[in-house]
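J.:
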Amino acid sequence: MHSPTLLIVAAILAALVTGVLSAVWLFNRRIPGLRLWAQALFCATVFCINLLLRDHVPLPLSVVLAQSSIALTAYLCLLGAREYMGKAPLGHGVAALALGLLLATALFFTLVKPNVQVRIVLTGLVPGVIFIAAAHTLARGGFRKVPARYLFAATVGVHGAFLLVRPLLFKLAAPTEGAQPEAGMVAALSQFVVLESTLAVVLVAFGALMLTNEFITNELRHLAEVDPLTNVFNRRAFLTLLDKAISNAQRTQTTLPVLVMDLDHFKKVNDSWGHRAGDDVLRHFVMLAQRCLRKEDVMGRLGGEEFAIFLPNAGAGGAIAVAERLRAMVEAHPVVTEQRSIALTVSVGVTLCAGSESAGTALQRADEAMYLAKERGRNRVEMTVAPAAPLVPVAATPAPTAPTTLAA
Numbered sequence: 000m001h002s003p004t005l006l007i008v009a010a011i012l013a014a015l016v017t018g019v020l021s022a023v024w025l026f027n028r029r030i031p032g033l034r035l036w037a038q039a040l041f042c043a044t045v046f047c048i049n050l051l052l053r054d055h056v057p058l059p060l061s062v063v064l065a066q067s068s069i070a071l072t073a074y075l076c077l078l079g080a081r082e083y084m085g086k087a088p089l090g091h092g093v094a095a096l097a098l099g100l101l102l103a104t105a106l107f108f109t110l111v112k113p114n115v116q117v118r119i120v121l122t123g124l125v126p127g128v129i130f131i132a133a134a135h136t137l138a139r140g141g142f143r144k145v146p147a148r149y150l151f152a153a154t155v156g157v158h159g160a161f162l163l164v165r166p167l168l169f170k171l172a173a174p175t176e177g178a179q180p181e182a183g184m185v186a187a188l189s190q191f192v193v194l195e196s197t198l199a200v201v202l203v204a205f206g207a208l209m210l211t212n213e214f215i216t217n218e219l220r221h222l223a224e225v226d227p228l229t230n231v232f233n234r235r236a237f238l239t240l241l242d243k244a245i246s247n248a249q250r251t252q253t254t255l256p257v258l259v260m261d262l263d264h265f266k267k268v269n270d271s272w273g274h275r276a277g278d279d280v281l282r283h284f285v286m287l288a289q290r291c292l293r294k295e296d297v298m299g300r301l302g303g304e305e306f307a308i309f310l311p312n313a314g315a316g317g318a319i320a321v322a323e324r325l326r327a328m329v330e331a332h333p334v335v336t337e338q339r340s341i342a343l344t345v346s347v348g349v350t351l352c353a354g355s356e357s358a359g360t361a362l363q364r365a366d367e368a369m370y371l372a373k374e375r376g377r378n379r380v381e382m383t384v385a386p387a388a389p390l391v392p393v394a395a396t397p398a399p400t401a402p403t404t405l406a407a
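Going left to right, the sequence shown walks through residues 0 to 407 as numbering that gives the first Met the number 0 numbers them.
1) Could you tell me which residues DSSP pairs with Ala307 in its beta bridges?
2) Near Arg53, which residues of its chain fall below 6 Å by C-beta distance, leaving aside the five closest residues on each side in sequence?
3) Could you give the DSSP three-state label for Leu60: helix, strand or coil?
4) Is DSSP giving Ile30 helix, strand or coil here?
5) At which residues does the alpha helix (DSSP H) containing Met286 begin and terminate?
6) Report the residue from Ala105, Phe306, Ala73, Gly156 whose alpha carbon sits nearest the alpha carbon of Leu121.
7) If you follow the beta strand (DSSP E) that Leu102 is part of, which residue opens it and which one closes it?
8) Here's a check: name, in chain order, each residue in its chain whose Cβ is nearer than 6 Å to the Cβ of Phe214, leaving out the five neighbours to either side.
9) Quick one: what's Gly348 bridged to in DSSP?
10) Of the residues Val192, His91, Ala132, which one's Cα is nearest the Cα of Ile119?
11) Let me know the secondary structure DSSP gives Val231 once reduced to three states.
12) Run through DSSP, which three-state label would Ser355 get?
13) Tell me which same chain residues have a C-beta within less than 7 Å of the C-beta of Ala178, skipping the five on either side of it?
14) Within the same chain, show all residues whose beta-carbon is closer than 6 Å to that of Ala65, passing over the 5 residues directly before and after it, in chain order.
15) Would you check if the distance between the CB atom of Ala365 and the CB atom of Gly348 is smaller than 7 Å?
16) Drop a sphere of 10 angstroms on the beta-carbon of Arg375, count the other beta-carbons inside from all chains shown, and report buried for 16 or more, exposed for fewer.
17) Please tell me whether Val225 and His283 are closer than 7 Å, where the distance is taken between their beta carbons.
18) Have a look at Thr229, Leu371, Ala43 and flag the residue whose alpha-carbon is nearest the alpha-carbon of Gly277.
19) Going by other Cβ atoms of all chains shown within 10 Å of its Cβ, with 16 needed for buried, is Leu110 buried or exposed?
20) Output the distance between the C-alpha atoms of Leu98 and Ser67, rounded to the nearest integer angstrom.
21) So does the segment 303-310 actually touch the segment 261-280, counting three or more Cβ pairs closer than 8 Å?
22) Can you grab the Cα-Cα spacing for the pair Gly92 / Met209, in whole Å?
23) Compute the Euclidean distance between the alpha carbons of Leu219 and Gly156, then round it to the nearest angstrom.
24) What are the partner residues of Ile341, as DSSP defines its beta bridges?
25) Check for me: the alpha helix (DSSP H) holding His264 runs from which residue to which?
26) Verify whether the separation of the beta carbon atoms of Asp296 and Leu310 is less than 7 Å.
27) Assuming Ala80 contacts Thr44 under a Cβ cut-off of 8 Å, what Cβ separation, rounded to an integer in Å, is found between them?
28) Using 8 Å as the threshold, is the segment 312-331 in touch with the segment 367-381, meaning 3 or more CB pairs across them?
29) Cα separation between Val19 and Ala207?
30) Closer than 8 Å is the cut-off here; do at least three beta carbon pairs connect the segment 352-371 with the segment 229-248?
31) The alpha helix (DSSP H) with Leu137 in it runs from where to where?
32) Hey, Ala307 and Val259: beta-carbon distance below 7 Å or not?
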């Protein structure tokens, strides 16, 4: 397949993928990076069309289109990667200045001091570095949680590396120092370059769609596992995680404290100031509770104003300390709005999980401790312990008898 045919295929593919990604983004604009990747592929389409028409376009215009379109393709790909990873956007001022310098340099080696080799270097060097930066951005988050990033990062990184070595390949392919780019093996190499670019377009598009699917899947999982009001785990997800934590604690012979908390007189808040104020109170409580927790501690909303936390490797003393710190913080930090200040207190029940019990059993025991705290005046911490394991009867062994002495 000769170069023009490959370029036509690449341009059509890039245009189609641009349309697909744009359509997906229009239906779900919350997908990070997708709009920027669609714009990047649009620039790639312009690059391919420019190469197809370069014999019919004035050379300076062709050079400007080639340099700017491939540089923008790489830059938009980097911006999309940063947006997908939740990083701050880059300032466009520096990028615009760099693009201006790139175009000025390319035009200098086109009009003032013509040099095709330098233009090839410019076309590969700047975008290549940017593509590798995009791959690095995606790779820094790891691939275990989002395997689809592996394909995207690998494609972008390999394409960037190829752009960096491409000028060297053209240099080696030229039969003599002064040969034009069309001489010798350069024509075959040009076909390979176009083929690689076409494959990169396909893989980038496939990777973008995979990341989109991954994002939507994670979003649905988040909706299924997380309480939308407080942004902590819901009851079902918390119980699942607690069961796993109990199994892990049993396997590693470590303690697993569980706390159950209930906001005191919460019904009065709803009755006096409405459910909107109640929602503010719940969010405020979760914010205060999370200040008292470590990164590995897990919190969930069991329902209404009742919450639970488990503390891996904390021990009984550590659990009581966390519970008391949480209780004191809630008491000391009322919910303050423009209209009112709502004082809060919380009752906390603490227990230690027994080796083989279920999450439901552990929660029930912590819940009993929490109700004991309410019975004893509220705004306090109470702890219950798991019932001792029943003794296993052991068969009695007969007592040794005294040796018999035979009479002489």
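For every residue, glycine included, the Cβ atom is placed at its ideal position computed from N, Cα and C.
T.: Taking the structure as given:
1) Position 308 of the sequence shown, counted from the start, is the residue given in the question as residue 307. DSSP lists Val259, Gly299 as partners of Ala307.
2) Within the sequence shown, numbered from 1, the residue matching residue 53 stands at position 54. For Arg53, where only same-chain residues beyond five positions count, the Cβ hits under 6 Å are Ser61.
3) Position 61 of the sequence shown holds residue 60. Note: Leu60 maps to helix in three-state DSSP.
4) Reading the sequence shown from its first residue, position 31 is the one you call residue 30. Here Ile30 sits in coil by DSSP.
5) Mapped onto the sequence shown, residue 286 falls at position 287. Per DSSP, Met286 belongs to the alpha helix (DSSP H) from 274-290.
6) For this step, residue 121 is matched to residue 122 along the sequence shown. Of the listed residues, the one whose Cα sits closest to Leu121 is Ala105.
7) Working through the sequence shown from its first residue, we reach residue 102 at position 103. Taken as a continuous stretch (DSSP letters only), Leu102 belongs to no beta strand (DSSP E), being part of the alpha helix (DSSP H) at 91-106.
8) Numbered from 1 along the sequence shown, position 215 holds the residue referred to as residue 214. Hits under 6 Å: Ile30.
9) Taking the first residue of the sequence shown as position 1, residue 348 is located at position 349. Answer is Val259, Glu381, bridged to Gly348.
10) Translated into positions along the sequence shown, residue 119 becomes position 120. The residue with the shortest Cα to Cα distance from Ile119 is Val192.
11) For the purposes of this step, residue 231 is taken as residue 232 along the sequence shown, with counting starting at 1. Coil, per DSSP.
12) Numbered from its first residue, the sequence shown carries residue 355 at position 356. Note: Ser355 maps to coil in three-state DSSP.
13) On the sequence shown, position 179 is the one that residue 178 refers to. With a pLDDT of 48 at Ala178, under the threshold of 50, the modelled position of that residue is not reliable, and the figure given next carries that caveat. Once the five neighbours on either side are set aside, Ala178 has no close Cβ partner at all.
14) As a working mapping, residue 65 is identified with position 66 in the sequence shown. Result list for Ala65: Asn49, in chain order.
15) Residue mapping note: residue 365 aligns to position 366 of the sequence shown, counting from 1. Residue mapping note: residue 348 aligns to position 349 of the sequence shown, counting from 1. Going by C-beta atoms, Ala365 is nearer than 7 Å to Gly348.
16) The count along the sequence shown starts at 1 and reaches residue 375 at position 376. It is exposed - the Cβ of Arg375 has fewer than 16 other Cβ atoms within 10 Å.
17) On the sequence shown, position 226 is the one that residue 225 refers to. On the sequence shown, position 284 is the one that residue 283 refers to. In this structure, His283 does not lie closer than 7 Å to Val225 by Cβ.
18) Stepping through the sequence shown from its first residue, residue 277 is reached at position 278. For the residues Thr229, Leu371, Ala43, the minimum Cα distance to Gly277 belongs to Thr229.
19) Taking the sequence shown and counting its residues from 1, the one referred to as residue 110 is at position 111. Leu110 should be labelled exposed.
20) Taking the first residue of the sequence shown as position 1, residue 98 is located at position 99. Taking the first residue of the sequence shown as position 1, residue 67 is located at position 68. For Leu98 and Ser67, the distance between alpha carbons rounds to 7 Å.
21) yes
22) Against the sequence shown, residue 92 aligns to sequence position 93. Against the sequence shown, residue 209 aligns to sequence position 210. Taking the straight line joining both Cα atoms gives about 32 Å.
23) Position 220 of the sequence shown, counted from the first residue, corresponds to residue 219. Position 157 of the sequence shown, counted from the first residue, corresponds to residue 156. Near 30 Å, if we compare the C-alpha coordinates of Gly156 and Leu219.
24) Here residue 341 corresponds to residue number 342 of the sequence shown, with the count starting at 1. Beta-bridge pairing links Ile341 to Val334.
25) As a working note, residue 264 is residue 265 in the sequence shown. Premise fails: His264 is in no alpha helix (DSSP H) and is neither H nor E.
26) Here residue 296 refers to the residue found at position 297 of the sequence shown. Here residue 310 refers to the residue found at position 311 of the sequence shown. Against a cut-off of 7 Å, the Cβ pair of Leu310 and Asp296 comes out as a contact.
27) Numbered from its first residue, the sequence shown carries residue 80 at position 81. Numbered from its first residue, the sequence shown carries residue 44 at position 45. Wrong, their Cβ atoms sit about 20 Å apart, outside the cutoff.
28) yes
29) Here the question's residue 19 lines up with position 20 in the sequence shown. Here the question's residue 207 lines up with position 208 in the sequence shown. Roughly 11 Å separates the two Cα atoms.
30) yes
31) Mapped onto the sequence shown, residue 137 falls at position 138. Unbroken alpha helix (DSSP H) run through Leu137: 115-138.
32) As a first step, residue 307 is located in the sequence shown; it is residue number 308 there, counting from the start. As a first step, residue 259 is located in the sequence shown; it is residue number 260 there, counting from the start. Yes, Cβ-Cβ distance for Ala307 and Val259 is below 7 Å.
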